[in-house]
Amino acid sequence: MRKILTLFPIVFILSCSGLIYRVDPEKIGKYENKIQGTFHEKLLNGLPSRADGFCYAIDLAEIMQSAVEIGDSILFSKAYEAIKKHYIIRDTWIDSAIVWRYKKDSEIDASGTAETIHCAFAIYLAYKKWGVEEYKKVSYSLAKAYIKHGYMPEPDKFLVKNYFNYGTRTLSENTYLINQRPDFLYLIGKENKDDDMIEKSRMMYNAIIGGYVKNGFFNSLYDIGVKTIIPSSNGYYSPNGIFPLISSIDISLSIIEFNPKPAREILDFFYENFGRWSDFYILMDGKFKSQTKSNFVSVAVYSRIIELFLKLGKSKKYNDMVKYILNDLIPEKIDAMINLTERNVDSFYFELSITLRTLHRAREYGL
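Put into structure tokens, the structure is as follows:
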């Protein structure tokens, strides 16, 4: 915390003086290799499980996507084969959805929409990179299963529920906006010349943007039942009035090709609040304020901020902040997580996978 606060004046002076805050490419490459090596080691010994013994599909999805981006076909294949063997569920209603987690001898309970579309996208990227026809077919089947979780809350709007319960044969009541990925759906639909899938991606964007608040922040959930309790409500809300920063960043990334404004605003909010960051915010007196005075965020947030920066055109305004995050803050977080191990950090594989992509992109873009 002290390091962030004391370095803020330095970064400010650097930006005002015209000096450039530099990134050490060798250091970035070293940490990229460190994460990649850790993943190979973990998958060599079996499934990358969390402390509860389950291997979560979202972790495998992120590992697959990172493996594709860095060109590691061996790492991709290990995760992909695990998905095919343990996670794709054949069903008479929602066929080829991804079960949200797996543990040997544990009963399969529910699919996961986030898991299904993230796996679909990672496998789609593998098809685009390596041209394996099987990847195209599997990706498309998963995307169609994702759509089967959906409904139209209003005309010209489409959302997917969080999961399908295989025991009760029902969809969940909740609809999280972070589980909506119109960007992934559009690309897979376009690849397969599926006009209905493309149209649903557009309608999904229409539904997501209804949950926008301000400064890049989105409400977390949509529930039409809220309208029966609060007639003036539009159905969008955040439980306990708390806005997770990573959720709003991910939602803004999911619609950036449809509407880049929320992405620009959340990046600017992060910049304007340099060194006063929090993983969770509350809306108070018309302003978003940190829920806790932690002055730091997760490595996934740091990585997503850099992704926003790259996708929005690398504005010079944010150069020093981004390079400071990349060269100083992210390596510290990586070391801390690897030292703690996956047994003590539930988000170990998820966050490090996202970070691996960020480091690789940073080197590619020459940050």
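Using the numbering used here, the first residue of the sequence shown is number 239, and each one after it goes up by one.
Note that the Cβ used here is the ideal one computed from N, Cα and C, for glycine as well.
Values in this document were obtained by computation on a predicted structure and should not be read as measured data.
inquiry  = Quick check on the DSSP output: the beta strand (DSSP E) that includes Leu521 runs from which residue to which?
reply    = Phe518 to Met522
ask   = Name the DSSP bridge partner or partners of Leu459?
value = Tyr414 and Tyr475
query = Buried or exposed: Leu409, going by 16 or more other Cβ atoms within 10 Å of its Cβ?
reply = buried
query = Going straight from the alpha carbon of Ile336 to that of Glu545, what length do you get?
reply = 26 angstroms
ask   = What separation, rounded to the nearest whole angstrom, lies between the Cα atoms of Asn417 and Ser304?
value = 19 angstroms
query = Cβ atoms of Arg339 and Tyr378: under 8 angstroms apart, would you say?
reply = no
query = According to the neighbour-count rule (16 or more other Cβ atoms, all chains shown, within 10 Å of its Cβ), is Leu605 buried or exposed?
reply = buried
task = Could you give the DSSP three-state label for Arg339: helix, strand or coil?
result = strand
query = Cα separation between Ser476 and Asp333?
reply = 31 angstroms
task = Return the bridge partner residues of Pro482 from the DSSP annotation.
result = Phe518
Proximity to Glu510 [Cα-Cα], best of Phe526, Ser470 and Ile447 = Phe526
key: Identified DSSP bridge partners for Ala348   = Asn403
query = Which of the three DSSP states, helix, strand or coil, is assigned to Leu212?
reply = Look at the range of the chain in this structure, 239 to 605, and you will see that residue 212 is not part of it.
Selected residue, minimal CA-CA separation from Ala381, among Ile296, Ser492 and Gly427 = Gly427
message = Using 8 angstroms as the cut-off, can you tell me whether the segment 261 to 271 makes contact with the segment 538 to 556, which would need three or more C-beta pairs spanning the two stretches below that distance?
response = no
ask   = Run through DSSP, which three-state label would Gly275 get?
value = helix
inquiry  = Quick check on Phe396: does DSSP put it in helix, strand or coil?
reply    = coil
key: Where Pro247 falls, given that 16 or more other Cβ within 10 Å makes a residue buried   = Low confidence applies here, because Pro247 scores a pLDDT of 45, under 50, leaving its location unreliable and the question unanswered by this model.
task = Find the nearest neighbour of Thr530 within the set Leu491, Pro482 and Phe496, judged by alpha-carbon distance.
result = Pro482
key: Start-to-end residues for the alpha helix (DSSP H) that takes in Ser553   = Premise fails: Ser553 is in no alpha helix (DSSP H) and is neither H nor E.
query = Based on Cα-Cα distance, which residue from Glu495, Ser471, Asn478 and Asn430 lies nearest to Asn444?
reply = Glu495
ask   = From which residue to which residue does the alpha helix (DSSP H) around Val464 run?
value = Val464 to Ile467
Neighbourhood of Leu505 by C-beta, 8 angstroms cutoff - its chain only, sequence neighbours within 5 removed = Gly454, Ile543, Leu546, Phe547, Leu550 and Tyr556
request  = Would you give the residue range spanned by the alpha helix (DSSP H) that Phe496 belongs to?
outcome  = That residue, Phe496, is in no alpha helix (DSSP H); it is neither H nor E in DSSP.
request  = Following the continuous alpha helix (DSSP H) through Val451, name the residue where it begins and the one where it ends.
outcome  = Where Val451 is concerned, there is no enclosing alpha helix (DSSP H), although the beta strand (DSSP E) it sits in stretches over Tyr450 to Lys452.
task = Return the chain-ordered list of same chain residues with a C-beta closer than 7 angstroms to the C-beta of Phe277, the five sequence neighbours on each side being excluded.
result = Ile301 and Leu313
query = Quick one: Cα of Lys386 to Cα of Asp329, how far?
reply = 12 angstroms
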